[in-house]
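Asks: Starting off with a structure, shown below.
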Amino acid sequence: MTHHYLFSCGAGVSSFTLGFDGNFRLCSSLYHPDFMYDLRKGTFKEAWERFVPSVRSLTSDKKAFLENCRTCPIINLCLWCPAHSFLEKGVLDEPVEYFCRTAHERYSRLKSLDKS
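If you count the sequence shown from 1, position 85 lands on 105 in my numbering, and the numbers rise without skipping.
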């Protein structure tokens, strides 16, 4: 079975953010209310051992995400991630068109530099 994980970045793997309000987040851009862990109501150990794996295991079956972002060969030139998708579109698994345009423009420019 193929898993279509939302998070393929280092969020919650190599980094996390702790806000002034005691909210633990997998990354500084992830402001979705369902993906903040209130350390005033739980422990860091619970956040790290239970909360982080539950968020990192999220998948998507949304066609637009799977056909565009998840399989994009130049996604590293893009600003797309679930957190940015939520900030721009209100959902975690939606392509952001101007991110795509930016990535393709970057790719085109890098390719032209390679030919120089």
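Don't be surprised by glycine CBs; every beta carbon is placed ideally from N, CA and C.
Look up Asp113 in the DSSP assignment and say whether it is helix, strand or coil.
Replies: Assignment of Asp113 by DSSP, reduced to helix, strand and coil, places it in the coil class.
Asks: Give a yes or no on contact between the stretch 86–106 and the stretch 65–74, applying the rule of three or more CB pairs nearer than 8 Å.
Replies: Because the criterion of three Cβ pairs below 8 Å is not met, the stretch 86–106 and the stretch 65–74 do not touch.
Asks: Going by C-alpha distance, which of Phe44, Arg60, Thr63 is nearest Asp54?
Replies: Nearest Cα to Asp54 within the set Phe44, Arg60, Thr63: Phe44.
Asks: Ignore the nearest five residues each way along the sequence and tell me which others in Ala31's own chain have a CB closer than 6 Å to its CB.
Replies: Leu46, Cys47
Asks: Classify Glu114 as buried or exposed, calling it buried when 16 or more other Cβ atoms lie within 10 Å of its own Cβ.
Replies: buried
Asks: Please determine if the stretch 57–71 and the stretch 111–126 are in contact, where contact requires at least 3 C-beta pairs separated by less than 8 Å.
Replies: no
Asks: Is the beta carbon of Ala103 closer than 9 Å to that of Ser49?
Replies: Against a cut-off of 9 Å, the Cβ pair of Ala103 and Ser49 comes out as a contact.
Asks: Whole angstroms are fine: how far does the CA of Phe36 sit from the CA of Cys29?
Replies: 12 Å
Asks: If we ignore side chains and look at the alpha-carbon of each, how far apart do Leu38 and Leu107 end up?
Replies: So the two alpha carbons sit approximately 19 Å from each other.
Asks: So Tyr127 and Ile94 are supposed to be a Cβ contact under 8 Å. How far apart are they, rounded?
Replies: 5 Å
Asks: Between which residues of its own chain and Ser105 is the CB-CB distance below 7 Å, once the five residues before and five after are set aside?
Replies: Val111, Leu112, Asp113, Glu114, Val116
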